[in-house]
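All you need for my numbering is the position in the sequence shown, starting with 1, plus 7. C-beta atoms are modelled at their ideal positions from N, C-alpha and C, and glycine is treated no differently. The next block holds one structure in the form of structure tokens; read it before the comments.
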Amino acid sequence: MSSHNPNDDRNPSDAEVSALKENALKTLLTAEARLRLNNVRLVKPDLAAMVENYLLGLASQGRLNSQISDDQLKQILLSTQQPKRDFKINRK
């Protein structure tokens, strides 16, 4: 009977995946852009995750030629956010 050792599996753990993601983002983003993305993650974690996946996808396709600056990240964040709805209340 063979024992199953979970360390023999080749599937990376969540901690390993997040560490790889962080290392990739360090090379893709400038320091200011990383700071902004971390601030966004505190307020809107789902938006930050979506932008991270988008950036990692671009990098894996070879479509990023240089680091993403803070201004470029702002544009990406604005383009991925849902438009806000304005409500107007008329009082009589």
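Go through its chain and collect everything with a Cβ distance to leucine 54's Cβ below 8 angstroms, but skip five positions before and after it.
The residue given as residue 54 occupies position 47 in the sequence shown. Val47, Leu84, Thr87, Gln88, listed in sequence order.
Since isoleucine 75 contacts alanine 38 with CB under 8 angstroms, what's their CB separation in whole angstroms?
By one-based count along the sequence shown, residue 75 stands at place 68. By one-based count along the sequence shown, residue 38 stands at place 31. Their Cβ separation, rounded to whole angstroms, is 11 angstroms, which puts isoleucine 75 and alanine 38 out of contact at 8 angstroms.
Using a Cβ-Cβ cutoff of less than 7 angstroms, which residues in the same chain neighbour phenylalanine 94 once the five nearest sequence positions on both sides are dropped?
Reading the sequence shown from its first residue, position 87 is the one you call residue 94. Here the set comprises nothing.
Could you check how far apart the C-beta atoms of leucine 35 and alanine 56 are, in whole angstroms? I think they sit under 8 angstroms.
Your numbering for residue 35 matches position 28 in the sequence shown. Your numbering for residue 56 matches position 49 in the sequence shown. Actually they do not touch by this definition, with Cβ atoms about 15 angstroms apart.
Pull the bridge partners of leucine 36 from the DSSP assignment, please.
For the purposes of this step, residue 36 is identified with residue 29 of the sequence shown, where counting begins at 1. DSSP, once it has assigned bridges, lists Ile75 as partnering leucine 36.
With burial defined as no fewer than 16 other Cβ atoms inside 10 Å of the residue's Cβ, what is the status of leucine 62: buried or exposed?
As a working note, residue 62 is residue 55 in the sequence shown. Looking at its Cβ environment, which holds 16 or more other Cβ atoms inside 10 Å, leucine 62 is buried.
Label leucine 32 either buried or exposed according to how many other C-beta atoms from any shown protein chain fall within 10 Å of its C-beta, with 16 as the threshold for buried.
Indexing the sequence shown from 1 puts residue 32 at position 25. Label assigned to leucine 32: buried.
If you compare alpha carbons, which of Gly69, Lys91, Val58 is closest to isoleucine 79?
As a first step, residue 79 is located in the sequence shown; it is residue number 72 there, counting from the start. One detail in the question is off: residue 79 reads as glutamine in this sequence, not isoleucine. Of the candidates Gly69, Lys91, Val58, the one whose C-alpha sits nearest the C-alpha of glutamine 79 is Val58.
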